[in-house]
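Residue numbers (my numbering), protein chains in the order written: chain W, 115 to 305; chain D, 6 to 228; chain E, 1085 to 1377. Before any comments, here is the structure.
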């Protein structure tokens, strides 16, 4: 039951994009096609889970025992950056089709605050490994959901008559605001 | 002195980071529940941005081109840790308010974007001017949005109640959707102003600034 | 305290660096350096005119597949083809430069509207509604779907019709894919004659809707000494190769014989060297500024 609650809470109620404002750049940025959004979202899901796993071990066996909690930021970004590089090389050699699909998004992952944000959040919430991973799955699924919904909406927005000053970012932000408003309604689901 | 001033002032209006460059939107949306928070976050960004620009400009000839992004991230991460420690020591309530967005300054496109687009190509004084200007512009914008949201959402400004009696606050403004709506409307107003200005000068209306990769250029994707 | 933190970070950084260095050895993929060189030579507009998914797709194909020609990039000038050819050891036959041409002149034809349209301003959407706003089913609707996809900013909208700027158009064909009405086609830049109607209807059906529509009378194909004009799928088409190779001695009989002024002489831009001698008096219809009487 608790797992279910965590899932619903991370995907809908505390959606990392719409309620926690993480990963704004890809969300508002260049993804106007659902296919592209799916690719980016998939990459984020994969890396969020991997990064959460690695950083959890780093924190548990390196930073906490030596009392180096203050180095969390620098250690985490180092781990995430190396991880992205490593996976990029690995995919290029071992799974070329996957690399062809996700390759162009990989450099963006390092600077995606959703990946780093989830890694830090699970440390602040002091989750154990299982809960951390579950949270990473749920939170990144929420990111994927928001990204795809937004891409779908923007496909429609492209053919609508938008006032000149509203074109581009402003209308995207207003759309995001309304989406966020709609997602707020899920708050009632968690007692 | 002239180019120094030019680089400094461009961040304050002509290339105002969140509005004109549409860079680093996460903290803009997340920490602007009140003017206080916005100012605090802005100050942290000024510190990191100025120093990272300074350091990157200093070592710009030493860094190999292939690993420059990694180096930029390492430098800004170090500075962010310094800011975190400073805030914990002298402004702990603020640190708690800003939450994970203090460590997330590392991955803010503004820092990397300026490093790549400016500091890595220009001498130290100009890089400092650019960092200071951009940082101040960012802080200004954050404080402005924070003030607006606080005023409309709670009727207060910097914690003091200043609206008339019987004012019904729009609770939504301090909630998540308020941030999106507020920033969207401000951007819309900026664009309308730009268009009006261009029309008055008899030019074609400029393109609305677009967010994300196009403006950050921190990676090959944004080329 | 300081030593521990410095050592930890050093250790972390060193481990990461070693791992990455090892990984780059183990997972090293042999990449043909020519791919990158070809990429640099290509314009990088990702227009898809070559038939591949973006410039990178074409670069990989042209380097690895000996059957792929080096002249497929239509967006770049012939210099690009030559550069790509040199990089990939392929001989390049100079590609005929092409440009996009609108086969509709509904302003001259005074084409009426079927209904008043207030929907999404897109040709694709308007076509879905009873086959388009215009009475003619083959006209240019003028919502500018092609303008949006043009990677070179070569198209503009004026008076509800799309105009091609020949100095910017590279003939990549992105607009032709975007047009739901088939009212755009690629023609050689030095084409002698153009057709300004794309209808597949005949006689009365055309006369009723448009004063400048092709009624498929067939006079042009009968009069052409080069047999370059024919009706393909109920629509007249010019075989520009045959037309151009015939030379100028035909005196544009097709243009003279066309009773509805569908066929017009095309005046090529002055830059093309082997331009054909068109009488300047007749060259009233430049591709870009189709005269609307």
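In this text, a Cβ means the ideal position worked out from N, Cα and C, and glycines have one as well.
Proximity of residue i and residue j at Cβ, strictly below 8 Å
| i | j | result |
| --- | --- | --- |
| residue 1262 of chain E | residue 1324 of chain E | no |
| residue 1321 of chain E | residue 1329 of chain E | no |
| residue 111 of chain D | residue 72 of chain D | no |
| residue 196 of chain D | residue 286 of chain W | no |
| residue 155 of chain D | residue 161 of chain D | yes |
| residue 61 of chain D | residue 120 of chain D | yes |
| residue 1169 of chain E | residue 1159 of chain E | no |
| residue 273 of chain W | residue 1258 of chain E | no |
| residue 28 of chain D | residue 153 of chain D | no |
| residue 264 of chain W | residue 296 of chain W | no |
| residue 1265 of chain E | residue 1225 of chain E | yes |
| residue 1175 of chain E | residue 1146 of chain E | no |
| residue 39 of chain D | residue 151 of chain D | yes |
| residue 1304 of chain E | residue 1281 of chain E | no |
| residue 30 of chain D | residue 138 of chain D | no |
| residue 1248 of chain E | residue 1191 of chain E | no |
| residue 1231 of chain E | residue 1241 of chain E | yes |
| residue 1092 of chain E | residue 176 of chain W | yes |
| residue 1341 of chain E | residue 1278 of chain E | no |
| residue 161 of chain W | residue 1088 of chain E | no |
| residue 117 of chain W | residue 248 of chain W | yes |
Residue i, DSSP secondary structure in three states
| i | result |
| --- | --- |
| residue 1235 of chain E | coil |
| residue 1241 of chain E | strand |
| residue 1307 of chain E | helix |
| residue 302 of chain W | helix |
| residue 1322 of chain E | strand |
| residue 206 of chain D | coil |
| residue 1136 of chain E | coil |
| residue 208 of chain W | helix |
| residue 1254 of chain E | coil |
| residue 120 of chain W | helix |
| residue 1291 of chain E | helix |
| residue 1204 of chain E | coil |
| residue 289 of chain W | helix |
| residue 197 of chain W | helix |
| residue 138 of chain W | helix |
| residue 1199 of chain E | coil |
| residue 1356 of chain E | Caution applies to residue 1356 of chain E, whose pLDDT of 40 falls short of 50 and renders its modelled position unreliable; the model cannot decide the point. |
| residue 1371 of chain E | Interpretation of residue 1371 of chain E is limited by its pLDDT of 45, a score under 50 that renders its predicted location unreliable; the figure taken from the coordinates is listed afterwards. Three-state DSSP puts residue 1371 of chain E in coil, outside helix and strand. |
Opening and closing residue of the beta strand (DSSP E) in which residue i lies
| i | result |
| --- | --- |
| residue 1185 of chain E | 1182-1186 |
| residue 1348 of chain E | 1347-1349 |
| residue 89 of chain D | That residue, residue 89 of chain D, is in no beta strand (DSSP E); its alpha helix (DSSP H) goes 73-95. |
| residue 1270 of chain E | 1268-1272 |
| residue 1175 of chain E | No beta strand (DSSP E) holds residue 1175 of chain E; DSSP gives it neither H nor E. |
| residue 1277 of chain E | 1277-1279 |
Distance between beta carbons of residue j and residue i, contact taken as under 8 Å
| i | j | result |
| --- | --- | --- |
| residue 1227 of chain E | residue 1207 of chain E | 5 Å |
| residue 1294 of chain E | residue 1193 of chain E | 4 Å |
| residue 281 of chain W | residue 213 of chain D | 5 Å |
| residue 120 of chain W | residue 224 of chain W | That belief does not hold up - the Cβ atoms of residue 120 of chain W and residue 224 of chain W are roughly 27 Å apart, past 8 Å. |
| residue 234 of chain W | residue 190 of chain W | 7 Å |
| residue 65 of chain D | residue 124 of chain D | 7 Å |
Any C-beta of chain B under 8 Å from that of residue i
| i | result |
| --- | --- |
| residue 1133 of chain E | Of the protein chains in this structure, namely W, D and E, none is chain B. |
Where the alpha helix (DSSP H) containing residue i begins and where it ends
| i | result |
| --- | --- |
| residue 1315 of chain E | First-last for residue 1315 of chain E: 1313-1316, but that is the beta strand (DSSP E), not the alpha helix (DSSP H). |
| residue 234 of chain W | 227-238 |
| residue 114 of chain D | 114-119 |
| residue 155 of chain W | 148-172 |
| residue 1124 of chain E | 1117-1125 |
| residue 269 of chain W | 243-271 |
| residue 57 of chain D | 40-63 |
| residue 145 of chain D | 129-159 |
| residue 1104 of chain E | 1086-1110 |
| residue 1193 of chain E | 1190-1193 |
| residue 219 of chain W | Element bounds for residue 219 of chain W: n/a, residue is neither H nor E. |
| residue 128 of chain W | Counting along the chain, residue 128 of chain W falls outside any alpha helix (DSSP H), and DSSP gives it neither H nor E. |
Would you check if there are 3 or more beta carbon pairs closer than 8 Å linking the segment 214-227 of chain W to the segment 148-157 of chain W?
Touching, per the Cβ criterion.
Does the count of Cβ pairs from the segment 1093-1113 of chain E and the segment 1133-1150 of chain E closer than 8 Å reach three?
Between the segment 1093-1113 of chain E and the segment 1133-1150 of chain E there are fewer than three inter-stretch CB-CB distances shorter than 8 Å, so the stretches are not counted as touching.
Below 8 Å, how does it come out for the segment 27-40 of chain D and the segment 177-187 of chain D: are there three or more Cβ pairs, yes or no?
Counting C-beta pairs closer than 8 Å gives three or more between the segment 27-40 of chain D and the segment 177-187 of chain D, which meets the contact rule.
Does the structure place the segment 56-70 of chain D close enough to the segment 183-194 of chain D that three or more beta carbon pairs sit under 8 Å?
Here the segment 183-194 of chain D makes no contact with the segment 56-70 of chain D; the two share fewer than three CB pairs at distances below 8 Å.
Three Cβ pairs or more, each shorter than 8 Å: is that satisfied between the segment 143-152 of chain D and the segment 12-30 of chain D?
Result yes; three or more Cβ-Cβ pairs closer than 8 Å.
Count the C-beta pairs between the segment 250-258 of chain W and the segment 119-136 of chain W that are closer than 8 Å, then say yes if the count reaches three, no if not.
The segment 250-258 of chain W, when compared against the segment 119-136 of chain W, does touch it at the 8 Å Cβ threshold.
Between the segment 87-104 of chain D and the segment 44-56 of chain D, do at least 3 Cβ pairs fall closer than 8 Å?
Cβ pair count under 8 Å is three or more, so yes.
Quick one: any contact between the segment 73-81 of chain D and the segment 120-138 of chain D, if contact means 3 or more CB pairs under 8 Å?
Touching, yes.
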